[in-house]
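Peer 1: Before I ask anything, let me first share the structure, which is written out below as structure tokens.
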Amino acid sequence: MAPASSRSRSATGSRTYGALDAEPDMTQMVRAKATAVHADQILTVTASVEDLHAEPGSFELIVIGNAFHRLRRTVVAELAHAWLKPGGCLALCWSTSPWAGPKDWQHVLDSLLRRWQDALGVAGRVPPGWDQARQEDPDHVVLSRAGFEPVGRHEFSVERHWTIRELAGHIRSTSFLPPSVLAEHATEFDAALSAELGPYTTAAQLTEPVSFAYELARRHGRA
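When the letters of the sequence shown are read in order and numbered with this note's numbering, they come out as residues 17 to 239.
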């Protein structure tokens, strides 16, 4: 899933959906999935949020998935506010990670990921105390300063069934072990993942409850 996506209307009134990510691998994946289901209304852009050029008031909805904490929040909130139509909304979406749960296989996965980050010398990609800024200056305060009014927070849970191959792909979508970091070690990593998680599978799957949440904020004005 791209860290940022948006919805707007074209001159003909049809809706257009945009997916933005700074990583080419991610936008290529979104494009491939869109092409597979003939979703021609989905556009992909490889760029950082700060480098995106968009007209003021050009979007109805902007969605940031599991990424707001990694962005320059004040700058991004101000840009989003300018890009939204009056009455348009910004949604900050979050979900729990498969390596952060209570199940035995999740503990094994967490340990495996930590070992690989240490072995590849990339443990510093997620610096200690990375969340301190959000604790001192919460997201809702950042959005309020940018001119947004809160709409509410909504949460729900679903049961997720993973294959080991799907987990390998999901891990590659993270900021700490993307394809550029695994590089020539990718095959070895996949083998280690299969060896350590294989004993915990049932019918070739691993199951976990996943919690999702989104915080919705609105730009003042009528849609």
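Every residue gets a Cβ at the ideal spot worked out from N, C-alpha and C, and that includes glycine.
#1: Express the C-alpha separation of E94 and Y33 in angstroms, rounding to a whole number.
#2: Tell me which residues share the same chain as Q221 and place their Cβ nearer than 8 angstroms to its Cβ, disregarding the 5 neighbours each side in the sequence.
#3: Rounded to whole angstroms, what's the CA-CA distance from S227 to S173? Just pull it up for me.
#4: Given D56, which residues of its chain have a CB within under 8 angstroms of its CB, disregarding the five upstream and five downstream residues?
#5: Tell me E175's beta-bridge partners as DSSP assigns them.
#6: Could you have a look at L128 and say whether DSSP puts it in helix, strand or coil?
#7: Please list, in chain order, all residues of the same chain as G163 whose beta carbon is under 6 angstroms from its beta carbon, the five residues on each side excluded.
#8: I'd like the list of long-range same chain contacts for E39, defined as Cβ closer than 7 angstroms, with 5 residues on each side in sequence excluded.
#9: Give me, in chain order, the residues of the same chain whose beta-carbon lies closer than 7 angstroms to that of S210; leave out the 5 immediate sequence neighbours on both sides.
#10: Would you report the Cα separation of L241 and E200, rounded to the nearest angstrom?
#11: Which stretch, first to last residue, makes up the beta strand (DSSP E) that contains K101?
#12: Please classify E66: is it buried, with 16 or more other beta-carbons within 10 angstroms of its beta-carbon, or exposed?
#13: From what residue to what residue does the alpha helix (DSSP H) around A202 run?
Peer 2: Walking through what the data contain:
#1: Within the sequence shown, the letter at position 17 stands for residue 33. Within the sequence shown, the letter at position 78 stands for residue 94. For Y33 and E94, the distance between alpha carbons rounds to 21 angstroms.
#2: As a working mapping, residue 221 is identified with position 205 in the sequence shown. Within the same chain, H177, W178, T179 come within 8 angstroms of Q221 by CB-CB distance, once the 5 residues on both sides are set aside.
#3: Translated into positions along the sequence shown, residue 227 becomes position 211. Translated into positions along the sequence shown, residue 173 becomes position 157. Distance between the alpha carbons of S227 and S173 is about 4 angstroms.
#4: Here the question's residue 56 lines up with position 40 in the sequence shown. Around D56: A50.
#5: As a position in the sequence shown, residue 175 is number 159, starting the count at 1. P225, per the DSSP bridge assignment.
#6: To locate residue 128, count along the sequence shown from 1; it is residue 112. Three-state result, L128: helix.
#7: Taking the first residue of the sequence shown as 1, we reach residue 163 at position 147. These residues qualify, in order along the chain: H97.
#8: To locate residue 39, count along the sequence shown from 1; it is residue 23. Closer than 7 angstroms at Cβ, skipping near neighbours: P194.
#9: Residue 210 sits at position 194 when you count from the first residue of the sequence shown. Taken in chain order, the residues that qualify are I180.
#10: Outside the modelled stretch of the chain, which goes from 17 to 239, sits residue 241, for which no answer is possible.
#11: Sequence index remark: in the sequence shown, residue 101 carries index 85 (1-based). It spans 100 to 111 - the beta strand (DSSP E) in which K101 sits, taken as one unbroken run.
#12: Here residue 66 is taken as the residue at index 50 of the sequence shown, counted from 1. Result: exposed.
#13: Residue numbering aside, residue 202 sits at position 186 when the sequence shown is read from its first letter. Per DSSP, A202 belongs to the alpha helix (DSSP H) from 202 to 213.
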